[in-house]
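A short write-up of the structure that comes next.
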Amino acid sequence: MDGANNGRPIRYYNILGRTNWNRTWVNVSISCACRYTSRQQAEISNLTPWSSYEFSIAAVSDLGIGTPSIPSPIYSTHEDRPYIASKNVGGGSGKIGDLTITWDPLLPQEQHSHGIYYKAFWRLKGKLEWASEIIKRQDNIGMAVANIPLNNYYTEYEVKVQALNKVGKGPESEVVVIYSAENMPLVAPQKPKLPLSTRPLSMLLGSRSNKLLENYAGRRRCGVLLIRTTRNWGLIVGLKPDTYYFVKVMAYNAAGEGPENERAEERTYRKAPQKPPSSVHIYGINPSTVRVVWRYVSLAQDEEPIEGYKVRVWESDQNMITAKDTIVAIGQKLGAYFTNLTPGKSYNMRVLAYSNGGDGPTIRFQMGEERLTKLVNESKKEKQQKNECGTCVSVIAAICDEVRDTLFEKSLACLSSWRYSKARMVSEAVMIEIL
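So that you can map any letter, position 168 of the sequence shown is 168 in the UniProt record's numbering, and since no number is skipped, the others follow by simple counting.
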């Protein structure tokens with residue numbers, strides 16, 4: 001029966017419903033037209049099978065939707081077959097001879113009857129005939145394990161899944177390609193090689209590997225490196241420089257480890273250069289160009305021979321990853337030019353030697369308009385640290401469009417008490433040299 005229309009005629013009715021699976025009210029029939037009788041009637045379709053429904057009615061007029069009625073008694077829909085197929089069909093892994101098939105089980109509101117179960121289908125990729133197995137479990141787990149020939153390890157199979165209940169069969173899922181379980185590797189990797197990297201504490205393995213065997217200073221120790229990829233090399237870090245190591249390699253997969261190969265022996269490189277270049281000079285060529293020169297680095301017996309020098313320059317307000325390296329090989333004149341510098345812009349520069357053992361320590365330069373008093377004081381502290389611990393020195397220079405005499409005089413005043421320093425005007429630049 002209709003309630004009061006409050007002065008406007010009722011246009012239509014909204015029928016709301018909720019189930020035992022979802023207690024939220026939703027529209028199950030919209031725009032249900034009025035019948036000119038004392039009681040209204042409507043037929044609702046597309047309800048969920050095997051569900052308990054409650055209904056409520058809301059009248060709609062030109063002014064909006066009215067207050068819904070109190071819920072009706074509970075009505076149950078009939079059972080039916082599943083309407084949707086299982087989702088996320090896949091599989092793989094397991095032990096040799098297994099074909100594991102997985103899927104997402106249907107939710108309770110999607111089962112439409114008691115006693116839901118599944119049928120799994122599989123076949124070798126490219127074949128026509130399907131094999132199948134019915135899986136009836138009370139816990140509704142979405143997994144089946146089919147037995148296949150042992151020789152079909154790590155082989156492509158096509159699989160699909162179908163949901164069923166006591167009323168009938170549901171639709172089949174889409175066909176998906178999966179791999180059967182793997183077998184353990186049966187042979188060892190061949191001909192392992194040990195090319196050494198340019199880092200003093202690392203070594204490259206030249207075969208697919210998961211084992212490292214170390215024999216050092218008469219003590220036998222074993223480490224393990226797992227390379228979770230199919231590439232044929234691996235990087236071992238944390239090794240000692242100038243040390244002999246033994247390495248064994250084996251392949252492995254989900255099924256287990258294969259046999260080891262014969263051990264390979266190799267020595268890591270000696271240390272990288274431990275001292276920075278000395279007597280570094282920066283000369284201003286013009287407002288946007290500088291020339292850098294330095295002296296050779298002396299090596300100790302435990303260091304690799306120097307292959308060359310790197311001069312690294314980047315803007316002071318940028319990260320060092322933006323730096324550009326200029327390579328000066330052994331045999332070339334020890335110097336480099338840097339052009340297209342912005343006058344008044346601050347730059348960082350590092351000069352270092354490199355070898356097979358790696359990059360050596362750096363000397364750092366800061367170029368640009370700076371207050372020399374502050375920079376000289378900072379450099380003096382670094383000079384004192386050098387005398388104490390032998391670390392690299394710091395050379396600081398300012399490149400400007402125009403160097404005023406007053407600025408130069410202030411720099412000389414700052415350097416007057418510094419015994420190991422000197423300053424001079426060189427081609428439109430102020431250069432501070434630490435000897």
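Note that CB positions come from ideal geometry on N, CA and C, so glycine has one too.
- For the 8 Å CB-CB criterion, T268 and Y283 do not form a contact.
- Nearest to P49 by C-alpha distance, out of Q111, A323, W103, P277, is Q111.
- Here E303 is buried: its Cβ has 16 or more other Cβ atoms, across all protein chains shown, within 10 Å.
- Residue pairing of K160 in beta bridges, as defined by DSSP: F121.
- In this chain, the alpha helix (DSSP H) harbouring P108 covers 108-111.
- Put simply, of N140, T77, F121 the residue whose alpha carbon is nearest the alpha carbon of P105 is N140.
- The alpha carbon of V28 has as its nearest neighbour, out of S45, L226, D80, the alpha carbon of S45.
- Taking a C-beta distance under 8 Å as the contact criterion, G170 and R81 qualify as a contact pair.
- One Cα belongs to Y347, the other to R312, and the distance between them is close to 10 Å.
- Restricting attention to beta strand (DSSP E) runs no shorter than 3 residues, the segment 304-349 encloses them at 306-315, 324-329, 335-338, ordered along the chain.
- The beta carbon of V175 is closer than 6 Å to those of E158, K160 in its chain, skipping five residues each way along the sequence.
- One Cα belongs to G168, the other to Q40, and the distance between them is close to 36 Å.
- Taking 8 Å as the upper bound for CB-CB distance, Y179 and G92 are in contact here, some 5 Å apart.
- About 12 Å separates the CB atoms of I330 and K310; that is not less than 8 Å, and the two are not in contact.
- Taking the CA atoms as reference points, V60 sits about 13 Å from S69.
- Within the same chain, Cβ atoms closer than 8 Å to the Cβ of T339 are found at S288, T289, the five residues on either side in sequence being excluded.
- Here R270 is buried: its Cβ has 16 or more other Cβ atoms, across all protein chains shown, within 10 Å.
- Looking at I236, G308, W314, D317, the one whose alpha-carbon comes closest to that of N356 is G308.
- For W130, same chain residues with a beta-carbon under 6 Å away, outside a window of 5 residues either side, are F121, R123 in chain order.
- DSSP places Y153 outside any beta strand (DSSP E), giving it a letter other than H or E.
- Within a 10 Å sphere around the beta-carbon of S51 sit 16 or more other beta-carbons, which makes this residue buried.
- DSSP places A58 inside the beta strand (DSSP E), whose first and last residues are 52-61.
- Pairing S86 with Y117 gives a Cβ-Cβ distance that is not under 8 Å.
- Note: K87 is bridge-paired with D104 in the DSSP secondary-structure output.
- CA-CA distance, I101 to D359, rounds to 53 Å.
- N261 places its beta carbon less than 8 Å from that of A188.
- With respect to the 8 Å criterion, E156 and K125 are classified as neighbours on the basis of their beta carbons.
- For R8, no pairing in a beta bridge is given by DSSP.
- Taken through DSSP and simplified to helix, strand or coil, L299 comes out as coil.
- Under the three-state reduction of DSSP output, D359 falls in the strand class.
- For G284, the enclosing beta strand (DSSP E) covers residues 281-286.
- If you check the CB distance, P273 and L239 do not come in under 8 Å.
- Burial check for W103: the Cβ neighbour count within 10 Å reaches 16 or more, so the residue is buried.
- Sequence-distant partners of V293 (beyond 5 residues in either direction) whose C-beta falls short of 7 Å from its own C-beta, in its chain, are H281, L334, G335.
- Shown here, D98 sits in a strand according to DSSP, grouped into three states.
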